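Position in the sequence shown (from 1) plus 6 gives the number in our numbering. Note that the Cβ used here is the ideal one computed from N, Cα and C, for glycine as well. The structure presented is a predicted model; accordingly, all values stated were derived computationally and were not measured.
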Amino acid sequence: MTITSRNRPFSRAQIRELLEGKDDDWLFSRAALATELEFGNEVYLRAIVEFSNYCANQCHYCGLRAANRALGRYRLSTDSILGAVHRAAANDIGSVVLQSGDDSYFRADTIGWLIREIKARHDIAITLSLGERPADELGLWRYAGADRYLLKMETFDRTLFERCRPGADFDGRLKQLEWLAAMGYQVGSGIIVGLPGMTLDTLAADIEALCDLNLDMIACGPFIPHPQTPFAAAKSGDVLSCQRVTALLRLLNPGANIPATSALEVLKPGARLKSLRRGCNVVMPSFTPEDVNANYNIYPGKNGSNGDARARLHALRAALAAEGLVAASCRGDAKTRRYRRQPGVNANSENKTQSENKIQSRRSKHVSGH
Ligand code: SAH
């Protein structure tokens, strides 16, 4: 196989062909093997606490956009956020994601206080996903103990980005990803697969751009049209294309955490589990309190499942076990080189044992390599 000038195992043309579905058996079996080699049969869980659905932005794809007056808005109290994190920790989850719309109501010191409080009460990794915030705030939160930050570019095509996110600052968002890395966060970004106007060429270029960022987390879910947005009439992203994207990203970023998104499950029941056998290694059950979680309506069907968080988690663990996968209770740090190199950071002994075990899991049992 040709090594490209940027030292990648695939050329742009090869990525393009694999995205077209030229060799799915090869792609998916290799992605399964690469995942198994790094993570054994472990799946990392992230309890996501969606603490505010207020948003200042007008993204054309997202149900939280400021102009959506049909949405009941909520903000959780700090007590309620801490309660949700407590439930996650009590359910043996080693990592929590605090996510919201771009909501400046939560001041930097309030978030800083929350981070410190969570760290004092629990041995749990914290990922923030609060959108665009100034560097001093990001620094303050890192200092307070936040471990990771997730900020999806949604696409790296500037024209498409500007069409989908009016008023948003493409360069500023990229800059924030640089700051986060410099501050020692594990950094996550990603794209929405199948945004209106996105082509296979866009996707191939986006995959390369994601690789160039040397990310610790890469989140790519399919687009789902939301009725109260300008993209209401657009068609959904394709589940199989999304699985090709995440499988390619696994091969190109073996140690990165790559979630199987809930959006997959909304479009096709069972697709999330399938993605865990095609290169993904993370699932993100919602721990947002039941009285508000349906209002975190970024796309229809989000948080649509019945039952409380505990019951849903139980069902998820059972579904994973039926696939021969284990819901790990560790922090689930990335195994990327950049992260490993950080001074003073312990490369997580639980993770190491798993990767060194290289257990023959059922992750790759169902697919054949060649
Ligand atoms: N304000 C934060 C969090 C945004 S919501 C931020 O800007 O980072 C989290 C993610 O939901 C977004 O990054 C986007 O990728 C995804 N999302 C929003 N609307 C969507 C839709 N209609 N279909 C699929 N994913 C969507």
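**OP:** Rounded to whole angstroms, what's the CA-CA distance from residue 78 to residue 18? Just pull it up for me.
**Re:** 44 angstroms
Subject >> Enclosing alpha helix (DSSP H) for residue 77 [first to last residue] >> reply: Here residue 77 belongs to no alpha helix (DSSP H), and DSSP marks it neither H nor E.
Subject >> Burial state of residue 147 (16 or more Cβ within 10 Å) >> reply: buried
Original post:
Out of curiosity, what's the CA-to-CA distance linking residue 51 and residue 292?
Top reply: 10 angstroms
**OP:** Could you check what DSSP says for residue 165 in three-state terms: helix, strand or coil?
**Re:** helix
**OP:** Quick one: grab the DSSP three-state call for residue 245.
**Re:** helix
Original post:
Which value, in whole angstroms, describes the spacing of the CA atoms of residue 154 and residue 103?
Top reply: 9 angstroms
**OP:** Per DSSP, which residues does residue 134 bridge with? Please list them.
**Re:** 104 and 155
Subject >> Nearest-angstrom Cα separation, counted from residue 330 out to residue 324 >> reply: 10 angstroms
Original post:
In terms of residues, what are the limits of the alpha helix (DSSP H) holding residue 42?
Top reply: 30–45
**OP:** Compute the minimum distance between the beta carbon of residue 202 and the heavy atoms of the ligand SAH, and state whether it is under 8 angstroms.
**Re:** no
**OP:** Give the C-beta separation of residue 283 and residue 270 to the nearest angstrom, bearing in mind that I take them to be a contact with Cβ-Cβ under 8 angstroms.
**Re:** Not quite, the Cβ-Cβ distance comes to about 13 angstroms (not below 8 angstroms), so this is no contact.
Subject >> Alpha-carbon to alpha-carbon, residue 317 and residue 95 >> reply: 15 angstroms
Subject >> residue 144 versus residue 36 - alpha carbon distance >> reply: 37 angstroms
Original post:
Over what stretch of residues does the beta strand (DSSP E) that includes residue 178 continue unbroken?
Top reply: Not the beta strand (DSSP E): residue 178 falls in the alpha helix (DSSP H), residues 176–188.
Original post:
Taking just the CA atoms, how far does residue 130 sit from residue 149?
Top reply: 16 angstroms
**OP:** Mind reading off the beta-carbon distance from residue 290 to residue 262? Whole number of angstroms is fine, and I expect it under 8 angstroms.
**Re:** Not a contact, Cβ separation roughly 15 angstroms.
**OP:** Would you kindly work out how many angstroms separate the C-alpha atoms of residue 350 and residue 158, rounded to a whole number?
**Re:** Because the pLDDT of residue 350 is 44, which lies under 50, any placement of that residue in the model is unreliable, and the number read from its coordinates should be weighed accordingly. Using only the alpha carbons, I get a separation of about 28 angstroms.
Original post:
Near residue 98, which residues of its chain fall below 6 angstroms by C-beta distance, leaving aside the five closest residues on each side in sequence?
Top reply: 335
**OP:** Give the straight-line distance between the Cα atoms of residue 246 and residue 55, rounded to the nearest whole angstrom.
**Re:** 28 angstroms
Subject >> Among 83, 61 and 80, the one whose alpha carbon lies nearest that of residue 73 >> reply: 61
Original post:
Would the segment 62–69 and the segment 302–310 be scored as touching if the rule is three or more Cβ pairs under 8 angstroms?
Top reply: yes
**OP:** Tell me, please, whether the segment 26–42 touches the segment 236–256 by the rule of three or more beta-carbon pairs shorter than 8 angstroms.
**Re:** yes
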